[in-house]
Every structure is written in structure tokens, then in C-alpha cells.
Amino acid sequence: MTVSYTLEVANARFGGFSRLLFRWKGSIYRLLYKELLVFCGVYLFFSVFYRFMLTSKQQDLFERIALYCDQFTNTNFIPVLFVLGFYVTLAFNRWWGQYTSFPLPDNLMMVVSGNVHGADERGRLLRRTLMRYANLSSVLILRSISTRVHKRFPTLEHIVEAGFMTTHELKHFESLHSDFNKYWMPLTWFSNLASKAREEGRVRDDIALRLLMDELNNYRAKCSLLFHYDWISIPLVYTQVVTIAVYSFFAFCVIGRQFLNPEKGYKNHNLDLYVPVFTLMQFFFYTGWLKVGELIINPFGEDDDDFETNQLIDRNIQVSMLAVDDMYQNLAPIVKDKHWA
Amino acid sequence: MTVSYTLEVANARFGGFSRLLFRWKGSIYRLLYKELLVFCGVYLFFSVFYRFMLTSKQQDLFERIALYCDQFTNTNFIPVLFVLGFYVTLAFNRWWGQYTSFPLPDNLMMVVSGNVHGADERGRLLRRTLMRYANLSSVLILRSISTRVHKRFPTLEHIVEAGFMTTHELKHFESLHSDFNKYWMPLTWFSNLASKAREEGRVRDDIALRLLMDELNNYRAKCSLLFHYDWISIPLVYTQVVTIAVYSFFAFCVIGRQFLNPEKGYKNHNLDLYVPVFTLMQFFFYTGWLKVGELIINPFGEDDDDFETNQLIDRNIQVSMLAVDDMYQNLAPIVKDKHWA
Amino acid sequence: MTVSYTLEVANARFGGFSRLLFRWKGSIYRLLYKELLVFCGVYLFFSVFYRFMLTSKQQDLFERIALYCDQFTNTNFIPVLFVLGFYVTLAFNRWWGQYTSFPLPDNLMMVVSGNVHGADERGRLLRRTLMRYANLSSVLILRSISTRVHKRFPTLEHIVEAGFMTTHELKHFESLHSDFNKYWMPLTWFSNLASKAREEGRVRDDIALRLLMDELNNYRAKCSLLFHYDWISIPLVYTQVVTIAVYSFFAFCVIGRQFLNPEKGYKNHNLDLYVPVFTLMQFFFYTGWLKVGELIINPFGEDDDDFETNQLIDRNIQVSMLAVDDMYQNLAPIVKDKHWA
Amino acid sequence: MTVSYTLEVANARFGGFSRLLFRWKGSIYRLLYKELLVFCGVYLFFSVFYRFMLTSKQQDLFERIALYCDQFTNTNFIPVLFVLGFYVTLAFNRWWGQYTSFPLPDNLMMVVSGNVHGADERGRLLRRTLMRYANLSSVLILRSISTRVHKRFPTLEHIVEAGFMTTHELKHFESLHSDFNKYWMPLTWFSNLASKAREEGRVRDDIALRLLMDELNNYRAKCSLLFHYDWISIPLVYTQVVTIAVYSFFAFCVIGRQFLNPEKGYKNHNLDLYVPVFTLMQFFFYTGWLKVGELIINPFGEDDDDFETNQLIDRNIQVSMLAVDDMYQNLAPIVKDKHWA
Amino acid sequence: MTVSYTLEVANARFGGFSRLLFRWKGSIYRLLYKELLVFCGVYLFFSVFYRFMLTSKQQDLFERIALYCDQFTNTNFIPVLFVLGFYVTLAFNRWWGQYTSFPLPDNLMMVVSGNVHGADERGRLLRRTLMRYANLSSVLILRSISTRVHKRFPTLEHIVEAGFMTTHELKHFESLHSDFNKYWMPLTWFSNLASKAREEGRVRDDIALRLLMDELNNYRAKCSLLFHYDWISIPLVYTQVVTIAVYSFFAFCVIGRQFLNPEKGYKNHNLDLYVPVFTLMQFFFYTGWLKVGELIINPFGEDDDDFETNQLIDRNIQVSMLAVDDMYQNLAPIVKDKHWA
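Order-wise, the sequence lines are chains A, B, C, D and E.
Under the working numbering, the first residue of the first sequence is numbered 583, with each subsequent residue one higher.
Under the working numbering, the first residue of the second sequence is numbered 583, with each subsequent residue one higher.
Under the working numbering, the first residue of the third sequence is numbered 583, with each subsequent residue one higher.
Under the working numbering, the first residue of the fourth sequence is numbered 583, with each subsequent residue one higher.
Under the working numbering, the first residue of the fifth sequence is numbered 583, with each subsequent residue one higher.
Next up, the structure:
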């Protein structure tokens with residue numbers, strides 16, 4: 583479920599974002615705790631290994647290796663942060679781009695409601711069918727990119743059952759063969775049906791037809807963009823480079839950040855805290871940022887913070903039908919408003 | 583209240599931005615002073631604790647821990663700054679995006695004024711009602727995202743009372759059931775009423791109707807975008823990562839930046855100033871930047887610098903009515919201008 | 583005056599940007615020299631103070647403080663640069679956004695010239711009045727945001743005098759009361775007058791009227807955006823954070839960068855140059871960057887590099903009248919061109 | 583082939599991106615292994631050279647040089663990372679810009695299907711020809727920028743053979759001489775043919791013709807943008823600067839990162855690991871990021887991750903013909919939907 | 583000449599960008615070699631000066647100064663890189679923005695070809711003249727911003743001679759006085775001529791006229807944007823700050839990076855290489871990046887990598903005439919395509 587929290591921080595009060603830290607749903611803790619446990623386990627293993635299982639001479643070697651690794655994690659050998667910053671910013675822009683490409687039928691339904699006329703059955707049929715086509719198209723596209731929607735509609739029959747398609751249409755849809763995603767077909771039906779409605783006089787003039795066509799094209803463009811966002815990912819190589827950077831950093835930390843015997847007087851090793859507080863902090867921080875990337879690189883999954891695609895599909899069809907059917911020419915009486923002078 | 587200050591710094595004079603430092607309203611001081619007091623309190627506690635309550639041996643341990651913590655805050659273990667930079671830039675872009683999505687009725691009213699004709703009562707009624715619908719829609723959306731507007735209109739009755747809606751319309755509005763925000767309904771009424779006005783000949787041609795529809799769709803798109811900005815926040819995880827980074831940094835500072843006994847000759851501890859000037863500076867600086875983030879992540883709250891939503895609502899309805907009613911075909915005589923040749 | 587210099591560096595020749603360094607108008611030297619003098623004065627004061635006015639013991643204390651401060655300015659305690667980079671980039675984007683929002687009447691005048699017909703007086707009157715309204719609107723908006731324009735037109739009477747408004751129109755304008763900026767009123771007049779011209783047949787068809795309305799809306803949108811850029815500044819808090827960062831940095835420099843007695847053997851204090859070359863360099867550099875921010879945060883002031891609003895206003899009205907009056911249907915004879923085959 | 587992987591990481595599960603590390607196709611390993619081998623070879627050569635081929639005195643010199651070089655690679659002499667970050671971000675934006683400029687005929691075909699009428703042969707001929715012209719144009723442009731498409735259509739005859747062009751049209755195309763890319767010609771044919779269809783009454787009204795023209799212009803704009811992306815590259819100088827930075831960094835590493843004799847007690851040279859783990863890590867990381875740049879600077883090549891231009895061409899023509907021919911006015915019967923009330 | 587090289591690096595092969603290093607045209611070497619020679623000369627001078635012309639005591643002083651300067655260039659006193667990164671990114675965005683604002687007549691010519699009818703002389707005359715006006719306008723604007731175009735057309739007579747303008751038109755053009763750039767005049771002629779063509783029935787309907795007007799306005803907007811890009815440069819102050827940063831950095835390098843006598847045992851001065859390899863590398867790198875900025879800040883100059891304005895002007899007029907004259911209603915016979923079923 584999308585996690586909205588801006589209302590909670592509407593005002594920049596004392597404490598500010600601190601209240602956001604005590605949430606589990608959609609939180610960094612929930613995303614990260616497994617990785618943290620694994621990291622702690624491995625760290626613990628090496629700690630025990632170093633303290634109890636090595637001969638004095640082996641310990642010396644281990645300490646030398648640890649110091650060497652530590653040098654790597656302290657200086658800027660691998661600038662994890664920097665590359666994460668660039669990567670997450672890119673991913674964030676794509677994430678928002680995908681959201682704003684989500685096809686919403688609101689413009690289309692307003693136009694259909696105002697321009698496809700007739701309160702009789704034929705009129706209702708035309709308006710409802712047009713909107714159904716538009717919604718069907720977005721369901722088809724979302725099914726191919728969202729795991730949630732795909733679970734809800736594993737086959738086309740499920741779509742028919744949910745009322746987005748009639749069996750006639752399904753047959754028609756399947757009779758046309760194409761090697762590629764056929765999400766655009768219901769929109770072509772829309773275009774043809776609108777053309778027919780013009781011939782029947784249900785659409786009263788050419789300009790209204792044009793308006794329908796324009797909004798249809800806007801709608802289609804969004805479906806198409808969504809499809810392409812899914813198809814063309816951030817180049818795999820980039821994601822791999824970032825992942826390797828973060829993982830290797832912590833691989834070296836597991837050894838390099840061991841507390842060495844304070845008595846041996848290694849530099850910056852005067853204190854044996856057993857728990858590597860700073861390293862855990864860093865783990866939390868860097869891996870947390872990488873998780874942000876994982877979260878937003880595909881917002882159509884089932885994470886807490888992913889888009890509510892199924893809910894949006896329901897909203898869209900409900901609202902479409904309301905607007906073109908129940909609300910068609912169904913106006914409250916037009917009376918003078920309160921401030922009429 | 584929005585804090586405008588650019589006029590004061592219109593010219594890059596001597597001193598420049600310095601005059602902006604002496605303001606309380608909307609200032610960093612106002613936002614930050616509570617946090618600063620808490621930080622100072624905690625710092626003071628540890629300072630007293632270290633100086634007067636510990637035995638000599640405990641002091642030694644404390645010093646070792648302090649040095650360890652200091653190491654963490656001095657080097658780049660947690661690059662607070664960098665992550666703040668990226669985060670605030672993202673938040674800033676959303677902030678401005680929200681502002682530019684604010685639905686202003688100016689285009690719509692100009693179009694209604696020029697294309698819905700008739701100086702008689704029916705004409706006035708049509709124009710006023712159309713603009714009222716548009717304004718009503720934005721009130722409905724703002725009510726759901728702005729705490730200020732919600733306080734002003736806690737129930738729909740308050741909206742009726744304020745004259746944005748008639749009681750007929752309220753009944754109509756409530757009779758249509760939808761599980762989702764119904765802000766778009768008055769815009770569907772607009773669409774249907776415009777269609778009716780065309781039938782009555784008040785809108786004289788199809789092209790004028792299309793113009794009304796186009797501007798309506800632009801207006802709706804802005805309402806919708808505003809709604810989605812509110813629904814889809816910056817992923818919670820990202821905000822948490824940033825907050826934890828800043829908070830943990832200063833948690834370590836509270837101990838690591840204590841002035842240790844200069845006589846013990848610790849490196850960089852030659853001076854006991856009691857007041858950690860630099861650390862306070864840093865606190866001011868980093869927490870201040872985080873506060874910028876808090877401030878702009880939801881510009882519809884009640885901060886000094888948040889958008890003046892209520893004022894804008896008043897402006898919009900006033901200006902709408904002026905434009906479509908008082909100013910309708912109410913032109914000054916057209917005379918030759920001064921430079922007529 | 584806007585300082586254009588790209589022509590000088592059109593070619594990346596030897597020396598390149600170096601020739602830009604020897605300019606006074608709009609230069610960094612002109613903007614900065616006062617601040618530099620103040621900084622040098624304060625530095626000199628402390629220098630004299632340290633060298634001649636302190637006892638040997640006091641000097642020791644001063645040196646300890648200086649070393650402490652220096653530590654602050656050398657390491658990354660306050661990362662002035664980074665925050666400046668982010669801030670100036672934001673400000674730059676707004677700056678260019680404001681420039682591209684400047685309402686230019688070119689599209690409108692071309693459309694008026696081609697679609698409002700009649701070479702007789704009435705035709706000329708209509709075309710000139712329409713363009714005058716558009717220009718008047720931009721003058722009203724610029725008057726409220728630009729100090730230069732406000733100086734030129736301190737009252738509405740000055741606008742009348744300059745020929746942008748007739749006295750009839752002024753009376754009309756003032757008779758309509760609104761608590762908010764009324765820059766949009768002349769544009770409503772435009773809309774109504776265009777509508778009238780259509781009735782009179784001066785605008786020959788509905789599509790031409792629509793074209794006028796569309797360009798009007800584009801024009802209005804720019805006026806409105808300009809107004810909002812002015813109203814909604816970069817949050818004050820952000821500007822304050824940046825300013826404090828830069829100022830405190832140099833406050834510490836004034837003490838921390840003093841040349842300490844080389845004989846005392848402090849680290850990196852082997853040379854007494856009297857003039858802190860590097861610190862001045864840094865001052866020049868960081869304060870210069872901050873000045874860039876000051877310069878561009880409000881491009882409607884009176885800096886050398888601010889937009890030439892008054893000149894643009896003159897250009898717009900002159901060009902508008904030329905296009906719709908002198909050039910109306912005033913074509914050179916259409917003859918075969920040189921390459922006619 | 584484009585490598586889509588977002589579905590695999592739809593959910594931010596445990597392990598997250600780690601599963602992406604074990605892929606060969608489109609992976610960083612595949613892109614980098616040759617460079618890595620060369621680097622290892624050269625490093626090995628110097629290693630053997632230093633250990634076995636030098637006299638003791640020569641070794642001393644080598645060590646001094648190595649220490650000198652190491653200093654260069656450790657500190658920030660050449661900030662490879664930073665410049666890579668800026669460069670790759672620029673390249674990434676261009677890359678996505680190119681993708682979104684890819685001319686897809688979907689809008690055009692929907693408009694042709696709904697507005698060019700007649701189920702008879704002439705109607706079909708018109709619709710098919712119009713769409714063929716559009717597709718032909720994109721093939722012509724892609725041929726000039728994509729190596730893959732150029733291999734598929736080495737001559738114009740191949741395009742004729744593939745059915746995008748008739749021999750008549752080829753003759754026509756070649757008879758018109760221009761020194762520049764002639765990809766726009768089929769679109770002029772489209773414009774003229776649409777105009778003819780209007781005369782024949784196949785396009786029923788002027789508004790439908792305008793719609794065809796508008797979509798044609800959108801389509802052409804994309805073709806044109808693609809052409810210009812190809813023509814105007816990121817300035818060569820920028821690419822050279824980045825490449826030199828990365829290459830020189832590793833040139834110095836090859837000597838500076840040699841393990842020096844631990845017995846000589848050079849600082850940070852206490853351990854002889856033979857394999858320079860960190861340096862390889864860095865190589866992997868920095869060169870990997872540069873490879874990302876190489877990959878995306880021209881997405882029309884034959885890399886694993888480049889755009890599937892040939893596949894898209896096939897899709898476009900297939901889908902175009904389906905939409906305007908098979909699907910023309912070919913609607914499933916319009917029946918009441920499931921939720922009809 | 584624009585330097586296109588992406589085809590060469592279409593595939594991310596072994597070696598990748600390395601092949602781009604061996605080019606002279608448009609290369610960093612060509613841009614930089616003079617500066618490099620000067621820098622080497624100055625460095626050499628100080629080197630000789632220090633080694634041979636100073637007494638032992640003067641050498642001591644020189645060494646102290648050199649060490650002082652070196653400290654400045656090694657640490658982050660002036661973060662050249664960072665400020666270059668921000669500056670070049672800004673400049674790059676403007677550069678691409680300018681390119682995409684280049685007025686191309688393609689849309690206009692397609693619209694003229696499809697909507698201004700008549701194969702007779704009058705028809706041809708109208709179409710050719712309209713396109714000539716559009717091209718003339720872009721020549722006028724480019725003449726004022728591009729040094730290349732200005733060299734080609736030093737006076738308006740040259741434009742007449744090249745066939746972009748008739749002598750009648752020149753007289754007309756000069757008779758209209760304006761203090762500002764008059765590039766928009768031919769576009770007003772276009773608008774008026776199109777209006778006349780509508781009256782004559784050459785443009786058959788109002789919608790076609792509107793299409794002409796819309797495309798005209800798009801074209802004009804691009805001309806205007808280009809003009810403003812030229813007028814409003816990146817603020818001079820910003821460019822100066824960046825230039826001073828880079829230049830002062832290398833001014834200090836010239837002394838600070840001298841090889842001091844290794845026998846004196848200064849830290850990091852164990853080796854006398856005579857040639858300061860790293861410093862040259864840095865010079866190459868930083869100055870190279872600055873040169874990128876110089877190159878792209880004005881893409882209308884005569885650099886190797888600047889836009890081919892003259893070539894584009896030729897292309898535009900040639901292509902315009904082809905499209906509206908030779909290709910007017912000149913279609914290949916419409917026959918069934920290969921895949922007709």
C-alpha cells in the first residue's frame with residue numbers, strides 16, 4: 583500500500599521528522615532487518631574466529647589483513663555514497679515519471695459525458711462502452727507490468743469476469759494476431775466507435791469528435807509510456823556497478839572493522855566495544871539508500887510503498903461509469919448563489 | 583503566511599543577503615530554537631557529568647569513548663551533507679511542482695466571460711454557476727490535502743455556508759456514492775452545464791464549447807495532480823534514512839565533541855572553551871537544512887512559509903465572479919490611444 | 583543593463599575566458615569590492631591587535647584560539663561549497679524560468695494582425711486597443727515585481743500618461759474592487775473586445791476567435807507565472823542557512839588565518855606573509871558564488887545583470903503597434919524569387 | 583537485445599539487487615572482462631619486473647617512483663569519480679531523451695483508422711499507403727543512425743523488398759535531389775495524400791484533416807529530433823576529458839599500487855598480497871561506470887542493452903496495418919456490460 | 583564543423599572510448615595545446631630560476647614559498663572541480679536548449695504543401711513566398727547571433743543576393759523603423775499573406791488557416807527563444823568566478839609544484855623528476871573541462887564543434903522549396919503494397 587505521511591509532517595514543528603521514525607509499515611526497518619541480521623551474523627563469526635580460534639601468530643596476520651581492509655573502507659577508495667546519490671536521483675525521476683504516466687480516465691470521461699448524447703439506452707450503451715474500452719486498455723497494460731495486477735487477472739478470462747470485457751470482445755481480441763502487446767486494440771475500438779457515434783449523430787459535431795480523439799490520444803500516450811518505462815530499464819550495468827560498490831564495501835567492513843586487541847597499540851584501536859556501532863550505522867545508512875533505489879526502481883511491485891495499481895483500476899472504472907452514466911445531464915437545479923447581487 | 587523577501591534583495595548591494603538574517607517570521611531561528619535548546623541541554627548534561635560526577639578512572643573511559651565518537655563525527659563516516667543535498671533538491675522540485683499545480687481559475691473565467699453570452703439573468707446565472715463549480719472543485723481537493731483549508735471547512739455544510747455550493751447541489755453530491763475522492767464531480771457538472779448552454783445557444787458555436795472543455799480539462803488536470811502529489815509522497819524510507827543520518831550524527835556529537843581535559847594532552851584538545859562553538863554552528867547548519875526539507879515536503883500545512891491556500895481560495899472565487907459577472911461586456915469606450923498617428 | 587558577453591567568447595580561442603576577466607560592468611569586482619574591503623579591515627585589525635597589543639601570555643592564548651579556528655576552516659566542518667552549489671543551481675533554474683515567463687506580445691500581435699480585419703479606422707482602433715490591453719497587463723504585473731518599472735510608473739496616472747491606458751479605462755479599472763492584484767483585468771477586456779469584434783464581423787470566423795483566445799491565455803499564463811515567481815520565493819530558511827554558512831566561515835577565517843609567529847613552530851606556520859593570499863582567494867571565490875545567488879534570486883532589480891524590463895516594455899509596445907497597424911496587409915509585391923525554376 | 587530486469591526486482595525483498603549480479607547478458611562482466619585482463623596483464627608484468635629483474639638499486643628507484651605514483655592515485659589529484667558522475671548523468675538524460683523520441687505510429691494509426699473512411703479497396707489503399715509512408719520515414723531515419731538497421735537495409739532496394747516502399751516510389755524518391763537526409767519526403771507524400779483524400783471525401787471534414795496533419799507533425803518532430811540527437815553528440819572534448827581521466831588514473835595505478843617489499847618499512851606497505859584486491863575493485867568500479875557511459879552514449883548500436891530498433895520497426899508496421907486495415911470499423915457487437923444497472 | 587562521433591562508439595566494445603583519443607579535429611589537444619605550452623614555459627622559467635639563479639639563502643625562501651603554495655593546491659582550498667561540475671552542467675543544458683530552439687521549417691513546409699493549393703503559377707508563388715519569409719526570418723535572427731552567418735551575410739544586400747529577400751521586400755523592411763531586432767517582420771508578412779491566400783480561396787477553409795497560424799507561431803517562438811538565449815547569458819559573475827578559480831589554481835601550481843631539492847628532506851619531495859607529470863595531468867584535466875565550458879557557452883561561433891548554422895540555412899531553404907514546389911501534389915501512383923491481403 584502506498585504510504586502517505588506528508589499530512590503528519592505538514593507543519594515543521596519541534597521534532598519534525600522524528601515522528602516518522604516510529605513506523606513499521608513501509609519503513610526502512612522492515613526493508614532492512616534481514617540484511618542487518620545477516621551482516622551481524624557474519625561480523626560475529628569473524629569476531630569469534632579472531633578472538634578464540636586463532637593462534638597468536640595467526641592473530642597477527644589477521645590483524646594485518648584487518649588493518650589493510652580498514653584502510654580501504656575508511657578512505658575514499660570506493661565512493662559508495664556518491665554513486666548512490668546519482669543512481670537514486672535517476673531512479674527517483676523515473677519513479678515519478680511512471681506515476682505521472684499512469685493513465686487516468688478523468689479527462690476522457692468528462693469529454694464523453696459532455697459530448698456523446700442521448701439519455702436513452704443507446705446513448706448509455708455508447709458512453710459506457712467507450713469508457714469500458716479505455717479502462718480495458720489500461721488493465722491490459724498494467725497486467726503486463728504490475729505483479730499485483732497480474733495476480734488479480736492471471737488470464738484474459740478473469741478480465742471478462744471482472745466486467746471489463748465482454749466475451750464477444752474477447753473473441754474479437756484473440757482473433758487478431760500480433761507478436762506484440764495488444765493493449766492498444768481497445769483504443770482502436772474506441773476510435774472506431776466514436777466515429778460511428780458521430781455518424782449516428784450522437785456526437786453532434788466534428789469538433790466534439792476531434793475532442794474525443796485528442797483525449798483518446800493523450801490517454802494512449804500514457805499507456806504507451808508506461809509500457810516503455812517497463813521495457814527500457816535503467817541499464818543493467820549501472821545497477822550492477824552500484825550494487826557491487828555497496829556490497830564490496832561491507833564485505834571489507836566485516837573484516838576491517840573488527841576490534842583489534844587494544845593492547846597491541848594499533849592506531850585508532852584503543853577501545854574494544856565488541857559492537858561496531860559506527861559500522862552498523864553506516865550499514866543502516868548506505869544499505870538503506872540502496873534499498874530506496876530497489877524500492878523505486880519498479881513501483882509496480884508489491885512493496886509497502888509501491889503504487890496501488892489495483893485500487894486505482896477499481897477507482898477508474900467506478901468513477902468512469904458514474905461520470906458517463908449516472909451523472910449524464912443530471913444536474914442540480916441552477917439557482918442563484920449566495921453572493922448574487 | 584508565505585514569506586516573500588525577494589524585493590528586499592532585488593539589488594545585489596553591499597551586505598547582500600545579510601539583511602535577511604534579522605527576521606523572525608519564517609526564519610530558521612524560529613524553526614530551530616527548540617531543537618537547539620534540547621541539544622544544548624543534553625550536551626550540558628554530559629559536560630557536567632564528565633567534569634564533576636565521574637571518578638578519575640571513569641573519566642579516562644569517558645575520554646576514550648569521546649575520542650572514539652569524535653572520530654566518527656569528524657571523518658566522513660556518515661556523509662550527512664551529501665544526502666541532505668540530494669534529498670532537499672528532490673523535495674524542492676516537488677514543492678515547486680505542487681505550487682505550479684495549484685488550480686487557478688483565471689483562464690477558465692476569461693473563456694467563460696468571452697463565450698457564454700447574455701447580460702440577462704439566465705446568462706449571469708450560467709456564468710456564475712460555471713465558475714462556482716470550478717471553484718468548488720478546487721475547494722474539495724484542497725480540503726483533503728491542506729490542514730488550513732480543512733480547519734476552515736471541517737464539513738461539507740461549511741462549504742455550503744461559504745456559498746461555494748447550494749443545498750441542492752450538496753444533496754446531489756451526497757446521493758452519488760463513490761469510495762474515492764469526489765472532487766471531480768462539480769467539474770462533470772460544469773461539462774454538462776456547458777453542453778446545455780450550447781443547446782440553449784448561450785454558447786454560440788461548437789468551437790467555443792470546445793474551448794470551454796479544453797480549459798476545463800486543464801483545470802481538472804491540475805486538481806488531479808495536486809491530489810496525487812499529496813497521495814504519493816517521497817518514499818518514507820528515503821525520509822527515514824535522511825533523518826536517521828542527521829539525528830545519529832548529533833547523537834554522537836553530544837559525547838564526541840565534549841572538551842576533554844587539556845592537561846591530558848589529547849590531540850586537538852588543547853583548549854577548554856566550555857561552549858562548543860563549532861558544533862553548535864554545525865547543528866545550526868545541518869539541522870537547518872533538514873528543516874528546509876521538513877518545511878517544503880508539505881507546503882499545505884500551517885508553517886510561516888507554507889502556501890496561503892485559504893487566501894488563494896478567497897482570491898479565486900472573488901476574481902472569478904468579478905470577471906464573469908461585473909466585467910461581462912462591460913468595456914470602457916474604445917477611443918484612439920495617445921500615440922495614434 | 584543585461585550584460586551579454588557570449589559573442590566575445592564565441593570561439594574557444596587561446597586564453598578563452600581570460601578576456602572576460604577585464605571588465606568592470608557587471609563584474610564580480612564591482613559586486614564584491616566593498617565586502618572585500620570590510621573583510622581586509624577586520625583581518626588587519628586582528629593582525630595589528632595580535633602583533634602589537636597583546637602581552638606575550640595573551641599572545642599564547644590568541645594563538646591557541648587561532649589554531650582552533652583554523653582547524654574549523656580547513657576541514658569540512660561547514661561545507662560551504664557544497665551547499666552553495668545546490669543553492670545556486672536552484673536559484674539559476676528559477677532565474678531562467680522567470681526570464682522565459684516574461685510575457686512577449688509577439689504571438690498575440692501576429693494573430694491580431696492576421697485575424698482582426700479592416701484597414702479603416704474602426705479596424706485600426708480594434709487592433710491597437712487589443713494590443714494595448716495586452717501590453718497594459720504586462721506593465722501592471724511588472725510594476726508590482728520590478729523595482730525599475732515601479733520607479734518608472736509610481737502611480738497608475740503615470741501609466742495613463744505613457745499611453746498604455748486611457749483615462750476612461752483608468753476610471754473603469756479603479757471602479758472594480760478586488761483585494762488582489764488586478765493585472766488580469768485588461769486581459770478580460772481583451773477577451774470581451776475580441777468577442778465583440780467577432781459579432782461585428784471583424785473577426786471573420788469562430789476559429790479565428792478561438793485562436794485569439796488561445797494566444798490570450800498563453801499570454802496571461804506567463805503574466806501569472808511571473809507574479810507567482812515573485813510571490814513564492816525560495817524558502818527564506820534555505821537562504822538563511824546558506825548565508826550563515828558563508829558568513830560564519832569567514833568570521834572564523836578572520837582569526838584562524840592570522841599568521842602566527844613562525845618562531846613558535848606551530849605546524850604550517852613557517853612563513854609570515856602578512857597578506858593572507860589564500861584566504862583572500864577563498865573569500866573572493868566563495869563570496870563571489872554567494873553573490874551570484876544574490877544577483878539571480880531577483881532578476882527584476884537594478885543590478886548590472888538584471889533583466890532590462892523597461893527596455894522590454896518599450897520594445898513590446900512599439901513592436902505591437904508596428905505589427906498590427908503599420909504592417910496590416912501592407913505587403914511588398916509578391917514576385918518570383920531568384921531561384922524560381 | 584534490450585535487457586529488462588525490473589520485474590525481477592519488483593519487490594524490495596531480502597537480497598534485493600543481489601540476484602541481478604548473476605547475469606551474463608548485458609552485464610558488467612561481459613562488457614569489462616577484456617579490459618580487466620589487459621589491466622591484470624600489465625600489472626603482472628610490472629610486478630614480475632620489479633621483483634625479479636631489477637638490481638637492488640633499481641628496485642629502490644622503482645619504489646620511489648611507485649610511492650610517487652601511489653600518492654597520485656590516493657589523493658584527489660584527478661577526481662575521476664566526480665567527473666564520471668556528471669558525465670554519465672548527462673549521457674543518461676540524452677539516452678532517455680532518444681528513447682522517448684522514437685517515432686511510434688500508434689497515434690497516427692488510430693487517427694487514420696477513425697478518420698479515413700471507406701471499407702472498399704480505395705479506402706483500404708489510402709489507409710495502408712498513409713501508414714506505409716509514416717513507417718517508411720522512420721525506417722529511413724533509423725537507417726542513418728542505427729548500425730543494426732543499416733545492416734538490415736544496406737540499400738534502398740532492401741527497403742523496397744521489405745515492402746516499405748514500392749518501386750514507383752523509389753524512383754520518385756531518387757528523382758528528387760537534395761544534399762541532405764531525405765527522410766521527410768514520405769511525410770510530405772502523407773500530407774499530400776491526406777489532402778487528396780479530403781478532396782475525394784474519404785476524409786469527411788476539415789477538422790479530421792487537421793487532426794491528421796497534427797499527428798503527422800508530431801510524428802515528424804520525433805523523427806527530426808532523433809536525427810539531431812545523432813548529429814549533435816556530447817562535445818567530443820568532454821568525452822575525451824573523461825576518458826583521459828579514467829585511463830591515466832589506472833596507468834598510474836599499474837605502478838603505484840605494486841606491493842613493495844614489506845621489509846623496507848614503507849608506510850602502508852606491511853603486507854604483500856600479490857593480488858591488488860582493492861585496485862581491482864576500483865578498476866571494476868570506475869571503468870564500469872565509464873562503460874555505462876559508453877553503452878548509453880549511442881543506444882542505436884548492437885550492445886546487449888541497446889534499443890531493439892529492428893524489432894520496433896517490425897512491430898510498428900505490423901501494428902499499423904492491423905489497426906487501419908483489419909480493425910477498420912470491425913467492432914464486436916455493442917452489448918450491455920456486466921454492471922449495467 | 584559539428585563533430586559527430588557516436589557512430590564510432592555505437593557498440594561498447596573493448597577499448598571503448600579509447601579510439602576517440604586519437605583525433606585532432608574538435609579534440610581537446612587542439613583546443614588546449616597553446617595554453618599547455620604557456621603553462622610549461624612559465625613552469626620551466628621558475629624551475630630554471632630556482633635551480634640556477636638563486637643563492638642558497640634565496641633558495642630556502644623559495645622553498646618555503648613553494649611549500650606554502652603547494653599546500654594550497656593539494657588541499658581543498660579552492661574546489662575547482664566542484665564549481666566546474668556545476669558550471670559546465672548549466673552550460674550544457676543551455677547548449678542543448680539552444681540547439682533544440684533552432685528554427686527548422688519542416689513542419690511549416692509540410693503544412694504549406696498540404697494546405698495552400700493550386701499547381702498554377704499563383705499557387706507556386708504563394709507557397710514559395712511563404713516559405714521564403716519563414717527562412718528569411720531565421721536568417722535575420724541567426725545573422726545577429728552567429729559569427730559564421732554574420733560573415734556570410736555582412737549586410738542585408740547579401741541576403742537579397744542570396745535570394746532570401748527581393749529588393750522590394752528590402753525596401754519595405756527598411757522603411758519600417760524599430761529600435762529593436764526586426765527578425766519578426768517577415769513572419770508578420772507570412773501571417774498577412776496567409777490571410778490573403780484564404781481570401782483568394784487558395785487556403786480552402788478556416789481550419790487550414792489556423793493550422794498555418796499555429797505552425798507559424800511555433801516557428802516564431804523558436805526564433806525568439808534563440809534571440810533571448812543570446813541576449814541573456816549565464817551571469818558574467820558566475821563565469822568570472824569559475825575562470826578565476828581555475829586560473830589561480832594553476833598560478834599557484836607553477837610555484838608550488840616545483841621539484842625541491844630532495845636532499846633537503848622536505849616531505850613528499852624525495853624525487854626530482856624535472857617534469858611535473860601529475861601537474862600536467864591536472865592541467866590537462868581541469869583546463870580541459872573549462873574549455874568544454876568555453877566551447878558550449880556559445881555554440882554559434884566558429885569552433886570545430888559549434889553548430890553548422892550556414893549549412894543548416896542552406897538545408898532549410900533547399901528543403902522548403904523542394905517540399906512546397908517540386909513535391910506539391912506530386913505523388914507516385916498509389917498501388918497495393920507487397921503485403922496486401
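A virtual CB, placed ideally from N, CA and C, is assigned to each residue, including glycine.
Would residue i pass as an interface residue toward chain E - the criterion being a Cβ-Cβ separation below 8 Å?
i                      : result
residue 850 of chain C : yes
residue 839 of chain D : no
Count the other CB atoms within 10 Å of the CB of residue i; is the residue buried (16 or more) or exposed (fewer)?
i                      : result
residue 632 of chain B : buried
residue 619 of chain A : exposed
residue 832 of chain A : buried
residue 669 of chain A : buried
residue 583 of chain E : For residue 583 of chain E, the predicted structure reports a pLDDT of 48, less than 50, and the residue's modelled location is therefore unreliable. A value from the coordinates is still provided. Under this definition residue 583 of chain E is an exposed residue.
Closer than 8 Å, CB to CB, is residue i near chain D or not?
i                      : result
residue 880 of chain E : no
residue 904 of chain E : yes
residue 820 of chain A : yes
Just to confirm, are residue i and residue j a CB contact at a threshold of 8 Å?
i                      : j                      : result
residue 699 of chain B : residue 784 of chain B : yes
residue 760 of chain A : residue 904 of chain D : yes
residue 869 of chain E : residue 882 of chain E : no
residue 588 of chain B : residue 896 of chain C : no
residue 615 of chain A : residue 836 of chain A : no
residue 694 of chain B : residue 917 of chain B : no
Let's see if you can read the secondary structure: which residues bound the alpha helix (DSSP H) around residue i?
i                      : result
residue 688 of chain A : 688-697
residue 591 of chain E : Counting along the chain, residue 591 of chain E falls outside any alpha helix (DSSP H), and DSSP gives it neither H nor E.
residue 871 of chain B : 859-879
Kindly give me the distance between the Cβ atoms of residue i and residue j, rounded to whole angstroms, as I take these residues to be in contact under 8 Å.
i                      : j                      : result
residue 676 of chain A : residue 884 of chain A : Rounded, the Cβ-Cβ distance is 19 Å, inconsistent with contact.
residue 803 of chain A : residue 689 of chain D : 7 Å
residue 808 of chain B : residue 684 of chain B : 7 Å
residue 826 of chain C : residue 866 of chain B : 7 Å
For a cutoff of 8 Å on Cβ pairs, would you count residue i as touching chain C?
i                      : result
residue 769 of chain B : no
With a threshold of 8 Å between beta-carbons, can residue i be considered close to chain A, or not?
i                      : result
residue 672 of chain D : no
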